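K.L.:
All letters in the sequence shown, in the order written, are residues 10 to 273 by my numbering.
Think of the CB as a built atom: it goes at the ideal place given N, C-alpha and C, for glycine as much as any other residue.
If you're wondering where the values come from, they're calculated on a predicted model, not measured in any experiment.
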Amino acid sequence: PDFFVEGVTEAGITRMLWLYADIDDVPDKFGSLRSARHDFVEIAEGLDALFVHWGGSKYAYDAIESRNVDHLDGRIYSGKYFFRDTERTDVAIEHRGYSTREAVDKGFDKLGLRREIKSEYSSPFNFVSAGNPRTPSAGTCSEIGIVFSSYCEHNFTYNSTDSLYYNNINGQPMNDADGKQMAVTNVIILYCGISSMGDSSGCVDMDLSGGCCLFVSNGAYENITWKKGSSSDMLKLYSADGKELRLNAGKSYIGLVPTDNQPK
10 PDFFVEGVTE AGITRMLWLY ADIDDVPDKF GSLRSARHDF VEIAEGLDAL
60 FVHWGGSKYA YDAIESRNVD HLDGRIYSGK YFFRDTERTD VAIEHRGYST
110 REAVDKGFDK LGLRREIKSE YSSPFNFVSA GNPRTPSAGT CSEIGIVFSS
160 YCEHNFTYNS TDSLYYNNIN GQPMNDADGK QMAVTNVIIL YCGISSMGDS
210 SGCVDMDLSG GCCLFVSNGA YENITWKKGS SSDMLKLYSA DGKELRLNAG
260 KSYIGLVPTD NQPK
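#1: Is the CB-CB distance between G116 and Y90 below 8 angstroms?
#2: Leaving out the 5 sequence neighbours to the left and right, which residues in its chain are closer than 6 angstroms to C222 when beta-carbon positions are compared?
#3: Could you give the first and the last residue of the continuous alpha helix (DSSP H) run that contains I85?
#4: Taking 6 angstroms as the limit between beta carbons, can you name the residues of its chain near A45, skipping five residues before and five after?
#5: Quick one: which unbroken beta strand (DSSP E) runs of 3-plus residues sit fully inside the region 87-139? Chain order, please.
#6: At what residue ranges does the region 191-225 contain a whole run of the beta strand (DSSP E), taking only runs of 3 or more?
#7: Starting from E152, trace the beta strand (DSSP E) both ways and give me its first and last residue.
#8: Leaving out the 5 sequence neighbours to the left and right, which residues in its chain are closer than 7 angstroms to R93 when beta-carbon positions are compared?
#9: Does the contact criterion of 3 or more C-beta pairs under 8 angstroms hold for the region 261-270 versus the region 185-199?
#10: Helix, strand or coil: which one does DSSP assign to V50?
#11: Could you have a look at I73 and say whether DSSP puts it in helix, strand or coil?
#12: Alpha carbon to alpha carbon, how far is S226 from E74? Give it in angstroms, no decimals.
#13: Buried or exposed: which applies to K16, given that a residue is buried once 16 or more other Cβ atoms fall within 10 Å of its Cβ?
#14: If you draw a straight line from the alpha carbon of W27 to that of E162, how long is it in whole angstroms?
#15: Looking at C-alpha atoms only, which residue of M191, D214, A30 and V213 is the closest neighbour of E125?
#16: Can you name, in chain order, every residue of its own chain whose Cβ lies under 6 angstroms from the Cβ of A20, other than the five neighbours on each side?
#17: Going by other Cβ atoms of all chains shown within 10 Å of its Cβ, with 16 needed for buried, is M215 buried or exposed?
#18: Would you check if the region 244-261 and the region 75-87 touch, i.e. whether three or more CB-CB distances between them fall below 8 angstroms?
#19: Candidates Y130, S239, T166 and D118: which alpha carbon is nearest D57's?
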């Protein structure tokens, strides 16, 4: 993905939203596909993305239906555009859901979903040129820990050889099916308030209006701010001087971390 977005859901467990700028970059086979949560729907909506999921919470479906979010749902199209991986016998069935680039493409065609992004969403983030990376201004950062909850902690370690931060989750490398460890150019930590929705499922709501933020890249860090606003507003990142943050070219990880876990 071009962007990995992760945030807390029920009981401190996290969900991830993977964002691709081009459907041609989507893997031939990808998963596991899980159920949607309304905060992730809102982030996708603010980037004018086509939302692919397998089921969802009541609040996610309410958001999708009330705001006419373009989406493809495995709960509806299981066996047609979505499948269960019969080789993954070591995990529960909810972890076996997957799709393919070809199947998703056919699903988009079936539903008549547009592929052209709206012009106002065409440049959500500001990047420097690939051959001229910038170094954040606050100091060096060779390692950064992210605590979502007692169930989920990440640790990104910088490799100066390729200028990437390698991701470990709960002390173990976060690897894909081919054994390749997740590595990104930019690590962005958005601190946000988390509140209970008060239902029996334990759903939570993230305050996506804005707040403090930490940007880590090229072996260094700086404190920044972020802002989103309404459901259709883009997520925006700002440097300390109030100007739009310039990211280094490459893959990015965004963690929506509870403010209670923000370092003091």
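P.N.:
Let's see:
#1: Residue mapping note: residue 116 aligns to position 107 of the sequence shown, counting from 1. Residue mapping note: residue 90 aligns to position 81 of the sequence shown, counting from 1. In contact: G116 and Y90 (Cβ atoms closer than 8 angstroms).
#2: Counting from 1 along the sequence shown, the entry for residue 222 is found at position 213. When the five nearest sequence neighbours on each side are left out, the beta carbons in the same chain lying within less than 6 angstroms of the beta carbon of C222 are those of L199, I233, T234 and W235, in order along the chain.
#3: Residue numbering aside, residue 85 sits at position 76 when the sequence shown is read from its first letter. From DSSP, the alpha helix (DSSP H) with I85 extends over G83 to Y86.
#4: Position 36 of the sequence shown, counted from the start, is the residue given in the question as residue 45. The answer, listed in chain order, is H62, G65 and A69.
#5: DSSP runs (the beta strand (DSSP E)) wholly in the region 87-139: 106-109.
#6: Here the runs fully enclosed are 195-201, 203-205 and 213-215.
#7: Working through the sequence shown from its first residue, we reach residue 152 at position 143. First-last of the beta strand (DSSP E) with E152: E152 to S158.
#8: On the sequence shown, position 84 is the one that residue 93 refers to. Within the same chain, I102, R105 and G106 come within 7 angstroms of R93 by CB-CB distance, once the 5 residues on both sides are set aside.
#9: Verdict: yes, contact present.
#10: Stepping through the sequence shown from its first residue, residue 50 is reached at position 41. Three-state result, V50: helix.
#11: Here residue 73 refers to the residue found at position 64 of the sequence shown. Residue state, collapsed to three classes: helix.
#12: The sequence position of residue 74 within the sequence shown is 65, counting from 1. The sequence position of residue 226 within the sequence shown is 217, counting from 1. If I take the Cα positions, the gap works out to 38 angstroms.
#13: To locate residue 16, count along the sequence shown from 1; it is residue 7. Per the sequence shown, residue 16 should be read as Gly rather than Lys. So G16 counts as buried.
#14: Along the sequence shown, read from residue 1 onward, the residue named residue 27 stands at position 18. Along the sequence shown, read from residue 1 onward, the residue named residue 162 stands at position 153. Their Cα atoms are separated by approximately 19 angstroms.
#15: For the purposes of this step, residue 125 is taken as residue 116 along the sequence shown, with counting starting at 1. Ranked by Cα distance from E125, the options M191, D214, A30 and V213 are led by A30.
#16: Position 11 of the sequence shown, counted from the start, is the residue given in the question as residue 20. The residues are G211.
#17: The sequence position of residue 215 within the sequence shown is 206, counting from 1. The residue is buried, with at least 16 neighbouring Cβ atoms inside 10 Å.
#18: Segment contact: the region 75-87 against the region 244-261, fewer than three CB-CB distances shorter than 8 angstroms; contact not assigned.
#19: Mapped onto the sequence shown, residue 57 falls at position 48. Comparing Cα positions, the closest option is Y130.
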